[in-house]
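Undergrad: The structure is given below, and queries will be raised subsequently.
Chains as they are written, first to last, in the working numbering: chain B, 6 to 226; chain G, 30 to 270.
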């Protein structure tokens with residue numbers, strides 16, 4: 006457990022000392038989301054209709070952009086190897102790193118999303134659902150993305166390869182996440198979507214760190 | 030007989046060389062029979078007319094696309110647990126065939142959809158999950174070739190195939206609840222709603238596709254083995270004789 010806490014506080018301190026990276030993620034999120042009204046036209050009804058989906062896709066891409074940095078610098082300077090040699094189980098400190106990564110990218114995205122929802126003219130209850138869905142969904146993105154980031158450590162064509170691996174795995178999160186806000190907008194209950202997202206989060210939280218652990222072991226071989 | 034005798038690349042190379050032509054012949058015979066039953070004997074469909082005959086390619090390809098992914102993930106799991114080189118080579122050899130069948134299923138589906146649904150493409154559950162499956166295959170192929178050290182690529186891609194197989198049912202059900210136009214399956218374990226000659230043709234074509242997949246991956250695994258073991262003595266001896 007100490008490995009989890011140690012990696013968590015270390016990565017959080019690092020993110021805090023370099024706030025630029027998290028800010029860039031947020032700027033990218035807002036920028037891409039504001040390109041859509043320019044591209045598809047500013048018809049308020051159309052925007053309210055596509056809003057949840059667009060915001061989800063933007064959040065997904067923004068969360069994806071932060072992934073390469075999750076293990077790359079630790080891998081490059083040998084920290085990852087030292088951590089793998091430590092007495093703590095690999096899944097423990099990997100969980101800590103992922104939690105810190107989510108706190109510095111996923112959570113700001115979630116907090117910012119109601120603002121973008123307002124720009125898209127979403128009704129108030131849809132804004133709440135959107136925020137709740139992102140709160141449950143972005144940790145799953147961080148977890149799945151961490152597995153793909155660990156698999157591609159030291160690979161040729163890093164970024165594009167990571168996209169090819171991670172984005173197909175993100176599909177269920179996108180479907181249920183965007184579905185929740187759309188259900189609310191259509192006057193239906195969002196709870197089935199949110200329950201499925203929550204279930205996905207629980208399953209991913211207990212299983213993915215072990216997959217990440219074996220991926221890191223493969224990378225360090 | 031020692032079960033692990035053929036897990037050595039050099040012995041399996043010879044075995045695969047002997048088996049591959051047999052499976053190719055089986056595939057050709059089954060495909061000829063299947064095409065004859067499907068195109069000549071099977072009756073015209075009452076609703077869809079002649080165009081339904083695409084299913085004799087489409088359904089076997091779709092089945093094989095999923096089945097091959099499952100087999101590939103099993104080889105991936107074996108490669109990681111037993112650390113056997115040949116399992117990873119088999120997974121690598123299966124991936125292009127699986128991707129090909131996935132592509133064929135999507136392509137024939139589009140040509141069936143145009144006259145029947147009036148559109149080449151819909152964002153429907155099955156089609157979308159088949160498309161995601163194609164990306165999983167492409168990701169596997171890309172990852173296995175992304176490293177200087179081939180063993181590293183083997184192991185990373187094996188782990189990816191296992192993550193993919195866990196995620197595959199989730200993707201499948203998520204898109205199924207999301208949107209559905211594709212018809213349900215006509216064949217269930219309790220019985221089939223199809224005409225018996227149509228079913229015969231489809232099963233013949235499925236076995237043909239299956240035999241072809243085995244033959245093609247055996248040929249491919251032979252070239253993977255040769256490439257990997259090019260410095261081994263037995264490969265150099267092979268070139269001499």
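For glycine and all other residues, C-beta sits at the position ideal for the given N, C-alpha and C.
Values in this document were obtained by computation on a predicted structure and should not be read as measured data.
#1: Just tell me which of 155(B), 68(B), 115(B), 150(B) has its CA closest to the CA of residue 89(B).
#2: With a threshold of 16 other CB atoms inside 10 Å of the CB of residue 187(B), please say whether the residue is buried or exposed.
#3: Which residue from 98(B), 202(B), 99(B) puts its Cα closest to that of residue 134(B)?
#4: Skipping 5 residues on each side, what residues in its chain have a beta carbon closer than 6 Å to that of residue 41(B)?
#5: Nearest CA to the CA of residue 77(G): which residue from 97(G), 133(G), 141(G), 95(G)?
#6: According to DSSP, what are the bridge partners of residue 74(G)?
#7: Using DSSP with H/G/I as helix, E/B as strand and the rest coil, what is residue 5(B)?
#8: Between the beta-carbon of residue 103(B) and the beta-carbon of residue 147(B), is there less than 7 Å?
#9: Nearest to residue 218(B) by CA position, among 26(B), 86(B), 173(B), is which residue?
#10: Taking all protein chains shown into account, decide if residue 183(G) is buried (16 or more other Cβ within 10 angstroms of its Cβ) or exposed.
#11: Is the stretch 246-254 of chain G in contact with the stretch 80-89 of chain G, if contact means three or more CB pairs nearer than 8 Å?
#12: Taking 7 Å as the cut-off, decide whether the C-beta atoms of residue 248(G) and residue 49(G) are in contact.
#13: So, is residue 16(B) buried or exposed, given that buried needs 16 or more other C-beta atoms within 10 angstroms?
#14: So what's residue 79(B) in DSSP terms, helix, strand or just coil?
#15: Is it right to say residue 211(B) is buried, meaning 16 or more other beta carbons lie within 10 angstroms of its own, or is it exposed?
#16: Going by beta-carbon coordinates alone, are residue 204(B) and residue 145(B) separated by less than 7 Å?
#17: How is residue 20(B) classed by DSSP in three states: helix, strand or coil?
#18: Helix, strand or coil, according to DSSP, for residue 151(G) in the structure here?
#19: Closer than 7 Å, CB to CB, is residue 164(G) near chain B or not?
#20: CA-CA distance, residue 218(G) and residue 225(G)?
#21: Using a Cβ-Cβ cutoff of 7 Å, what residues of the stretch 142-171 of chain G are near chain B? List them in chain order.
#22: Residue 159(B) lies in the alpha helix (DSSP H); which residues open and close that run?
#23: I'd like to know if residue 147(B) contacts chain G, where contact means its C-beta is closer than 7 Å to some C-beta of that chain.
#24: First and last residue of the alpha helix (DSSP H) that includes residue 197(B)?
#25: Looking at the C-beta of residue 211(B), does it have a partner C-beta in chain G at a distance below 7 Å?
#26: Within the same chain, show all residues whose beta-carbon is closer than 6 Å to that of residue 104(G), passing over the 5 residues directly before and after it, in chain order.
#27: Quick check on residue 218(G): does DSSP put it in helix, strand or coil?
#28: Please tell me whether residue 161(B) and residue 175(G) are closer than 7 Å, where the distance is taken between their beta carbons.
#29: Hey, which unbroken runs of the beta strand (DSSP E) at 3 residues or more fall wholly within the stretch 31-88 of chain B?
#30: Taking only three categories from DSSP, how would you classify residue 266(G)?
#31: If I measure Cβ to Cβ from residue 63(B) and keep anything under 7 Å in the same chain, skipping five residues before and after, which residues do I get?
#32: Taking Cβ positions, are residue 84(G) and residue 177(B) nearer each other than 7 Å?
#33: Does residue 117(G) have its Cβ less than 7 Å from a Cβ in chain B?
#34: Along chain B, which residues have their Cβ under 9 Å away from the Cβ of residue 97(G)?
TA: Let me spell this out:
#1: 155(B)
#2: buried
#3: 202(B)
#4: 59
#5: 141(G)
#6: 78(G)
#7: As displayed, chain B neither begins before 6 nor continues past 226, which places residue 5(B) out of reach and without an answer.
#8: yes
#9: 86(B)
#10: buried
#11: no
#12: yes
#13: buried
#14: helix
#15: exposed
#16: no
#17: helix
#18: coil
#19: yes
#20: Residue confidence is low: residue 218(G) scores 49 on pLDDT, short of 50, so the model does not pin down where it sits. Its coordinate-derived value is still stated next. Taking the straight line from one Cα to the other gives about 15 Å.
#21: 161, 164, 165, 167, 168, 171
#22: Unbroken run through residue 159(B): none, as it is neither H nor E.
#23: no
#24: 196-225
#25: no
#26: 116, 119, 120
#27: With a pLDDT of 49 at residue 218(G), under the threshold of 50, the modelled position of this residue cannot be trusted; read the value that follows with caution. Residue state, collapsed to three classes: coil.
#28: yes
#29: none
#30: helix
#31: 34, 37, 38
#32: no
#33: no
#34: Simply none; closest approach about 17 Å.
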